[in-house]
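Engineer:
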Amino acid sequence: MLVFSVVIPVLKVYYIGLKVLLYQLFNKSFPLPVFPKQNGRVAIVTGGAKGIGYETARHLARLGMHIIIGTVKTHSNNMDLFSELKYFIAFSVEFIHLDLTSLKSVHWFVKEFNDRGLPLHILVNNAGVMLVPERTTQDGFEEHIGLNYLGHFLLTKLLLDKLKQSGCQESSARIVTVSSVTHYCGELDLEDLQSCSCYSSHRAYAQSKLALVLFTYYLQQRLTAEGSHVTTNAVDPGVVNTDLYQNICWPAQLLKGLMAGLLFRTPEEGASISIYAAAAPELEGVGGCYLYNGQRTKSADASYDEELQSRLWTLSCSLVGIPEQHRKVY
């Protein structure tokens with residue numbers, strides 16, 4: 001029984017990944033439209049120092065946005081990246097240290113951002129880990145649920161008032177949360193959110209990505225109910241050739257090495273859906289969607305469970321230390 005509880009999540013993740021690779025073999029990434037300039041808008045991109053996050057930040061900056069990259073990279077590495085970004089663009093990009101494995105770091109990041117006195121129009125929750133060995137965050141959370149989900153949950157909560165202040169009827173503020181196709185095989189166990197009973201990195205990763213979709217839908221319900229000019233959508237970049245795949249099993253590593261150029265999308269192609277969600281005029285005022293390959297797509301059945309959404313929300317508030325009196329303000 002123990003073996004099955006470990007093996008089955010692995011098979012599910014690789015099965016759904018293979019399905020997506022076959023889809024990508026015969027279907028090109030959707031061409032990103034040309035968007036109007038968006039000078040004066042401010043965007044935060046977590047994990048924007050490499051991969052999909054880097055391409056997202058680069059493209060949004062080209063549109064004229066002021067970009068804040070939340071990253072754990074060192075100062076020297078940031079300067080190299082800053083020079084590279086400046087090669088492509090003539091707009092402002094700055095870096096603020098952000099370690100999503102630490103709730104204290106999330107609070108510090110938000111304080112640093114608020115001290116700049118800037119508005120906030122776009123928040124891209126992009127950073128993440130995938131299939132890492134069993135380990136915990138600085139606050140004792142299993143790393144997938146802690147970094148991928150709880151870190152972004154707290155970050156969004158702390159920045160929400162700023163987003164509400166910056167959005168208006170003509171131009172809503174937008175939250176873009178990067179999920180994954182693996183959420184379709186995710187199972188959310190609120191009694192064992194830390195995956196303590198029988199650890200599987202595959203199950204933990206899929207669970208964290210399902211949690212992000214549940215969070216997106218529930219947050220949009222609350223924002224709509226209070227009439228806020230803020231929208232939130234979950235996006236799926238597809239299977240993208242990034243460093244996240246360094247922890248996959250060796251047969252998959254071999255396949256990736258041989259076939260990445262044919263089957264995998266590039267980071268720029270993977271970022272296109274995040275850019276689309278952040279900047280597309282046709283998505284003005286549109287929230288509570290799961291976007292894949294430029295289209296609104298049905299997410300996993302479990303993601304529409306409103307009771308599960310609500311219970312996850314309440315539990316998340318407790319885990320990140322949001323006082324009871326603030327839980328209903330969101």
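Numbering (full-length UniProt numbering), first residue to last: 1 to 330.
Heads up, the beta-carbon is just placed ideally off N, CA and C, and yes, glycines get one too.
Only a predicted model underlies this, so the values are computations on that prediction, with no experimental measurement involved.
For Ala43, write down the residues that DSSP places opposite it in a beta bridge.
Structural biologist: Paired residue(s): Ile67, Ile122.
Engineer: Measuring CB to CB, does Asn233 end up less than 9 Å from Leu193?
Structural biologist: Cβ distance not < 9 Å, so Asn233 and Leu193 don't count as in contact.
Engineer: Grab the span of the beta strand (DSSP E) containing Arg174 for me, first residue to last.
Structural biologist: 173-178 is the span of the beta strand (DSSP E), which, as asked, contains Arg174.
Engineer: I think Pro9 touches Ala206, with their Cβ atoms under 8 Å apart; what is that distance to the nearest whole Å?
Structural biologist: Indeed, because the Cβ distance is near 7 Å, the residues count as touching under 8 Å.
Engineer: Using 9 Å as the threshold, is the C-beta distance between Gly17 and Val124 below it?
Structural biologist: Not closer than 9 Å, so no.
Engineer: Using C-beta distances below 6 Å, list every residue in its chain close to Ile273, excluding the 5 sequence neighbours before and after it, in chain order.
Structural biologist: For Ile273, where only same-chain residues beyond five positions count, the Cβ hits under 6 Å are Val235, Pro237, Leu291.
Engineer: Kindly indicate which three-state DSSP category Arg116 falls into: helix, strand or coil?
Structural biologist: DSSP places Arg116 in coil when its eight states are reduced to three.
Engineer: Are the beta-carbon atoms of Ala204 and Glu142 separated by less than 9 Å?
Structural biologist: Yes, Cβ-Cβ distance for Ala204 and Glu142 is below 9 Å.
Engineer: Which residues in the same chain have their Cβ closer than 7 Å to the Cβ of Thr56, if we skip the five residues on either side of it in sequence?
Structural biologist: If we look at Thr56 and ignore the five residues flanking it on each side, its Cβ neighbours are Val45, Gly48, Val124, Asn126, Ala271, Ser274, Ile275.
Engineer: If you reduce the DSSP assignment to three classes, tell me which class Ala277 lands in.
Structural biologist: Three-state DSSP puts Ala277 in a helix.
Engineer: Would DSSP call residue 332 helix, strand or coil?
Structural biologist: A query on residue 332 cannot be resolved here, the shown segment of the chain reaching from 1 to 330 and no further.
Engineer: Expressed to the nearest angstrom, what Euclidean distance is found between the alpha-carbon atoms of Glu112 and Val240?
Structural biologist: Going by the C-alpha atoms only, they are around 32 Å apart.
Engineer: What residues are listed by DSSP as bridge partners for Leu291?
Structural biologist: Paired residues: Val235, Arg296.
Engineer: By DSSP, does Glu226 sit in helix, in strand, or in coil?
Structural biologist: Residue state, collapsed to three classes: coil.
Engineer: For Phe30, tell me which candidate among Ser171, Ala278, Gly294 has the shortest Cα-Cα distance.
Structural biologist: Of Ser171, Ala278, Gly294, the residue nearest in Cα terms is Gly294.
Engineer: Could you check the C-alpha separation between Ala61 and Ile67 for me, to the nearest Å?
Structural biologist: So the two alpha carbons sit approximately 6 Å from each other.
Engineer: Using 10 angstroms around the beta-carbon of Arg116, count the other beta-carbons present and answer buried if the total reaches 16, otherwise exposed.
Structural biologist: Arg116 comes out exposed.
Engineer: Would you mind stating whether Leu155 and Thr101 have Cβ atoms separated by less than 9 Å?
Structural biologist: No.
Engineer: Between which two residues does the beta strand (DSSP E) carrying His97 extend?
Structural biologist: Start and end: 93-97.
Engineer: Can you tell me the Cα-Cα spacing of Ala122 and Val93, whole angstroms?
Structural biologist: According to the sequence shown, residue 122 is Ile rather than Ala. Looking at the two C-alpha atoms, the distance is approximately 14 Å.
Engineer: Excluding the five sequence neighbours on either side, which residues of its own chain have a C-beta within less than 6 Å of the C-beta of Gly285, listed in chain order?
Structural biologist: These residues qualify, in order along the chain: Ser172.
Engineer: Excluding the five sequence neighbours on either side, which residues of its own chain have a C-beta within less than 6 Å of the C-beta of Ser208, listed in chain order?
Structural biologist: Cβ neighbours of Ser208 beyond the five flanking positions: His144, Ile145, Asn148, Tyr149.
Engineer: What's the C-alpha gap between Ser228 and Thr216?
Structural biologist: Whole-angstrom Cα-Cα distance: 15 Å.
Engineer: What does DSSP give as the partner residue(s) for Thr136 in the beta ladder?
Structural biologist: Bridge partners of Thr136: Glu142.
Engineer: Under 9 Å between the Cβ atoms of Leu263 and His202?
Structural biologist: No. Outside cutoff.
Engineer: Using a threshold of 9 Å, state whether the C-beta atoms of Val129 and Asp99 are closer than that.
Structural biologist: Taking 9 Å as the Cβ cut-off, Val129 and Asp99 do not qualify as a contacting pair.
Engineer: Could you tell me the distance, in whole angstroms, from the CA atom of Tyr23 to the CA atom of Tyr15?
Structural biologist: For Tyr23 and Tyr15, the distance between alpha carbons rounds to 13 Å.
Engineer: List the whole-angstrom C-beta distance separating Gly321 from Leu103, where the pair is believed to meet the contact cut-off of C-beta under 8 Å.
Structural biologist: Confirmed, Cβ separation roughly 7 Å.
Engineer: With a threshold of 16 other CB atoms inside 10 Å of the CB of Arg296, please say whether the residue is buried or exposed.
Structural biologist: Counting Cβ neighbours within 10 Å, Arg296 comes out exposed, since fewer than 16 surround it.
Engineer: Starting from Leu193, trace the alpha helix (DSSP H) in both directions and tell me its first and last residue.
Structural biologist: Where Leu193 is concerned, there is no enclosing alpha helix (DSSP H), given that its DSSP letter is neither H nor E.
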